[in-house]
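K.L.:
Protein chains: 2
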Amino acid sequence: MRRCFGSWQNLGPTVVDWRCAVKLSDRGNAMPASPIRRLTPLADAAKAKGIKVFHLNIGQPDITTPPEMLEAVKAFSDPVLSYGPSAGLNETREAMAKYLRGIGVDVSANHVLVTQGGSEAILFAMAAICDPGDEIIVFEPFYTNYSGFACMLGVHLRAVQTKVEDGYHLPPVAQIEAKITPKTKAILWSSPGNPTGAVFTRQEVTALVELAKKHGLYAISDEAYREFCYDGHVATCVLDVAAELGCSDRAILIDSISKRFSACGARIGFLVTKNEELLAAILRFGQARLCPPTLEQYAATVGYSVIDKYVPPTIDEYRRRRDRVMEGLAKIPGATCAVPEGAFYVQPRLPVGDADAFAQWLLTDFQKDGKTVMVAPGNGFYATEGAGAEEVRIAYVLKEEDLQIAMDLLVEAIKQWNQR
Amino acid sequence: MRRCFGSWQNLGPTVVDWRCAVKLSDRGNAMPASPIRRLTPLADAAKAKGIKVFHLNIGQPDITTPPEMLEAVKAFSDPVLSYGPSAGLNETREAMAKYLRGIGVDVSANHVLVTQGGSEAILFAMAAICDPGDEIIVFEPFYTNYSGFACMLGVHLRAVQTKVEDGYHLPPVAQIEAKITPKTKAILWSSPGNPTGAVFTRQEVTALVELAKKHGLYAISDEAYREFCYDGHVATCVLDVAAELGCSDRAILIDSISKRFSACGARIGFLVTKNEELLAAILRFGQARLCPPTLEQYAATVGYSVIDKYVPPTIDEYRRRRDRVMEGLAKIPGATCAVPEGAFYVQPRLPVGDADAFAQWLLTDFQKDGKTVMVAPGNGFYATEGAGAEEVRIAYVLKEEDLQIAMDLLVEAIKQWNQR
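Residue numbers (the working numbering), protein chains in the order written: chain A, 1 to 420; chain B, 1001 to 1420.
1) Contact criterion: CB-CB distance below 8 Å. Does Ser-25 of chain A meet it with respect to chain B?
2) In chain order, which continuous runs of the beta strand (DSSP E) of length 3 or greater are located wholly inside the segment 1082-1169 of chain B?
3) Does any residue of chain B bring its CB to less than 8 Å from the CB of Glu-296 of chain A?
4) Within a Cβ cutoff of 7 Å, which residues of the same chain sit near Phe-358 of chain A, ignoring the five residues on either side of it in sequence?
5) Excluding sequence positions up to five away, which residues of its chain have a Cβ less than 8 Å from the Cβ of Cys-1151 of chain B?
6) Please report how far the alpha carbon of Asp-1222 of chain B lies from the alpha carbon of Pro-293 of chain A, in whole angstroms.
7) Please report the straight-line C-alpha distance between Ile-103 of chain A and Arg-1322 of chain B, rounded to a whole angstrom.
8) Contact criterion: CB-CB distance below 8 Å. Does Ile-136 of chain A meet it with respect to chain B?
9) Can you give, in chain order, each stretch of the alpha helix (DSSP H) that sits fully within the segment 1177-1258 of chain B and has at least 4 residues?
10) Give a yes or no on whether the minimum CB-CB distance between Pro-1079 of chain B and chain A is below 8 Å.
11) Go through its chain and collect everything with a Cβ distance to Arg-3 of chain A's Cβ below 6 Å, but skip five positions before and after it.
12) Mapping DSSP to helix, strand and coil, what is Phe-1381 of chain B?
13) For the alpha helix (DSSP H) containing Lys-52 of chain A, name the first residue and the last one.
14) Identify every residue that forms a DSSP beta bridge with Ile-1268 of chain B.
15) Give every residue of the same chain whose Cβ lies closer than 6 Å to the Cβ of Val-1238 of chain B, excluding the five residues on either side of it in the sequence, and list them in chain order.
16) Which partner residues of Ala-1335 of chain B appear in the DSSP bridge assignment?
17) Give me the subset of the segment 1198-1226 of chain B whose CB atoms are less than 9 Å from a CB atom of chain A, sorted by chain position.
18) Work out the CA separation of Val-1173 of chain B and Gln-1404 of chain B for me, nearest whole Å.
19) Please go through the same chain and pick out, in chain order, the residues whose beta-carbon is closer than 6 Å to the beta-carbon of Gly-167 of chain A, but skip the five residues on each side of it.
20) For my contact list, Ser-86 of chain A and Gly-286 of chain A are in at a C-beta cut-off of 8 Å; report their separation, rounded to the angstrom.
21) Quick check: the Cα distance between Ile-1187 of chain B and Leu-1211 of chain B, rounded to an integer number of angstroms?
22) My output table needs one value for Arg-1019 of chain B: the three-state DSSP class, helix, strand or coil.
23) Counting only the same chain and skipping the five closest in sequence on each side, list residues whose C-beta sits under 6 Å from that of Asn-1147 of chain B.
24) Return helix, strand or coil for Ala-75 of chain A, following the three-state DSSP convention.
25) Quick one: any contact between the segment 272-284 of chain A and the segment 1302-1314 of chain B, if contact means 3 or more CB pairs under 8 Å?
26) Closest to Gly-232 of chain A by CA distance: which of A:Asp-316, A:Ala-121, A:Gly-88 and A:Thr-40 is it?
27) Rounded to the nearest angstrom, how far is the Cβ of His-1156 of chain B from that of Ile-1180 of chain B, given a contact under 8 Å?
28) Under 8 Å Cβ-Cβ, which residues of chain B neighbour Ile-187 of chain A?
29) Would you say the segment 1406-1413 of chain B touches the segment 1324-1342 of chain B, given that touching needs at least three Cβ pairs under 8 Å?
30) Where Gly-1370 of chain B and Asp-1402 of chain B are concerned, what is the direct C-alpha to C-alpha distance, given to the nearest angstrom?
31) If you compare alpha carbons, which of B:Gly-1246, B:Leu-1295 and B:Ala-1266 is closest to Gly-265 of chain A?
32) What do you reckon, are the CB atoms on Pro-249 of chain A and Ser-1025 of chain B nearer than 8 Å?
33) In terms of alpha-carbon separation, which member of B:Phe-1142, B:Gln-1203 and B:Gly-1059 lies closest to Arg-1260 of chain B?
34) What does a CB cutoff of less than 6 Å around Thr-1336 of chain B pick up in its chain, not counting 5 residues either side in sequence?
35) Under DSSP, the alpha helix (DSSP H) around Met-1326 of chain B begins and ends at which residues?
36) Please report how far the alpha carbon of Arg-447 of chain A lies from the alpha carbon of Ala-1097 of chain B, in whole angstroms.
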């Protein structure tokens, strides 16, 4: 019989079995709360006090979703909202493949699996290539939820640090190569970068894929922000580079309609690879969860038919917002910041000492004219203990006038924080 | 540097590093294909030849989704399809809690987490309580996708066999208790049962929760088919029994709107527990994947407002279908079958020797008047090697007249199969 311990006291040899406590798994305990969402209760408390909170913490765009996408959902006329195929609806996969061919990537619908957000694409990719104890190389600061999925699957993230002073671009290849161990299974990056705003050059992406080729690793590229590049920067698709280097078997593309179409609540992502064995394994994971949501796949399909009309003005809008945020940051003495080349985030180092405490204080103690601002503490985007302690992530997804107010609040708050 | 081997040949000391192959993880290789879906290519091939395939393999009801639910989606008027809360929309959680209170379960919206189908609820529950190598006790035949999530997470399912001759009800408690090891973390069951159709009595559920209480295990109950009980059988909710036994901390309810509202494509499930520490851990998993799909949560909310009108006639319909299937099975000499007490599946033992080969043959070689029938091979619902080899799962989710045709086809097919 299983040995049990009392939940409140050890009753010794007279221990009553049924008092033994249930416990969480180690991974359940280790699972990190989202640095983007974990301060939400403080924000709710501030709002309950009547304070207006400007959300710079979360990448939830206020830009209108293409109305055609919502119309496609409304046009759904089947009497039954039934399961779709585990790999996604054929027409949705075809729309995604066609979109990728349009940017020069040679793929067919057969290489595409529709997932429940880019999130599930990451989870499935990690599960299909890593066993517990295996390692994936990431570049910190990185998209925080990589940690969550790695924790769930027992995968270790080995972080290569990139620096705000370098615009969060890659360090010399030798520094990355030094992190590779026999347990390493993949290199994972996002470009345009969340939270960094860095757009890796074709040379950088090529260097990463070459490393993957040399060491038998997968190259996993999260390109959810592909279109959002500014000032002539261009996103490089991992599938394109891998084809060029003759190692398409190791390229995994993670993508999502969430940001491209301002449709985060649709939960439609996709995974693309030309490695058929891998695709088959991932489809088996997909079969276990049956299928992605049906209605939103119709929305996604239509989204790609209006992309040429929808996306260019959206890029312009985000660039204007970026500029507004940069103007605000320029008013903070001692802040260090690279101009974001893409995505809609910036991760500045702020002169606040402990940015986590500062982010909380913004919600609990600061307000000006009944307003405050919410940012995501930067340390949650690092695997290295203590790194990013002075950084915050700012998402510029609000209207320009709101961003203006939010940045003014941030400037004022840092002043007050340092005068406490 | 990592040691690499050529993918085609070992080139010895002159090995060219970049030829080293990428590999799947062990879990990716071990991941089972869904026995419900893996024969789909054969069905597609049969359809391509002009053969009409009656699908008894998958629990995809043809019953109309409540139109109010689809109307709720169409009424969505926000300009942005945005992220919802990670735990689900408050109104959806409240509707689910209210529904459970209506069946006598004392819970509030705070105990409810909305998930991407019941699938995600199972995945999160397993992840939060099991580390790799830990064990969960299940009763075979069991819902096949439990295997998939267990494989993904490195969890071992320890199967207690139930038998068609006993109507797939539980064996003596000592047989279950004998499977408990120091690695056991939970007992998991579905009642009304998929694929068995068994509805565990209150005594049976009480016995399972008492075992969980005695041994410090979680009691995970998958009650997606709660309403679908026939002939006076009543489903017992794990939360209710656990409250009665004073161990609410170990009860985890898995639920879903998929079957209740014939809305499988919505991908809305939920998890309910009064264990706050567990709920917090599961919410952290939920934060990593951001949120469940937004539009369908509005559908789910409205579903619960029409449940009293919608569900009773649906139960009557499924009971009639069950009877039609049982009439068909009665015409098969040598078939063994318990009358399903609930859900909309039956798992008979058929006189076909290898049911897997038979299920394939139905799609590749059999047809009558240009029609055939598809069933799910029963072995995929067992963890024990070789078990269930003569069984199939039949889902009675088609109209009565179609079920009649399908069962006649099955009777004829078995005759021909045995005369080959």
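The beta-carbon is built from N, C-alpha and C at its ideal position, and this holds for glycine as well.
The model shown is predicted, which means the values in this text are computed figures rather than measured ones.
P.N.:
A quick look at the data gives this:
1) yes
2) 1112-1116, 1135-1140 and 1156-1161
3) yes
4) Val-352 and Trp-417
5) Arg-1027, Ala-1030, Met-1031 and Pro-1032
6) 21 Å
7) 52 Å
8) no
9) 1202-1215 and 1238-1244
10) yes
11) Note that Arg-3 of chain A scores a pLDDT of 38, beneath 50, so its modelled location is shaky; the value from the coordinates is reported in the next line. The answer is none, since no qualifying residue turns up.
12) helix
13) Counting along the chain, Lys-52 of chain A falls outside any alpha helix (DSSP H), though it belongs to the beta strand (DSSP E) covering 52-55.
14) B:Gln-1116
15) Ala-1219, Ser-1221, Ala-1251 and Leu-1253
16) Ala-1335 of chain B pairs with nothing; no bridge assigned.
17) Glu-1210, Ala-1212, Lys-1213, Lys-1214, His-1215, Gly-1216, Leu-1217 and Tyr-1218
18) 39 Å
19) Ala-198 and Ala-338
20) 4 Å
21) 9 Å
22) With a pLDDT of only 45 at Arg-1019 of chain B, under the threshold of 50, the placement of this residue in the model should not be trusted, and no figure is reported.
23) Note that residue 1147 of chain B is Ser in the sequence shown here, rather than Asn. So the list reads Pro-1032, once near-sequence residues are dropped.
24) coil
25) no
26) A:Asp-316
27) With a Cβ gap of about 13 Å, His-1156 of chain B and Ile-1180 of chain B do not count as contacting.
28) Correct list: empty, because the minimum Cβ distance to chain B is about 12 Å.
29) yes
30) 14 Å
31) B:Leu-1295
32) Note on identity: in this sequence residue 249 of chain A is Asp, with Pro being the wrong assignment. No, the pair does not count as a contact, with Cβ atoms beyond the cut-off.
33) B:Gly-1059
34) Val-1164 and Arg-1349
35) 1307-1330
36) Residue 447 of chain A lies beyond the residue range present for chain A, which begins at 1 and ends at 420; the question has no answer from this structure.
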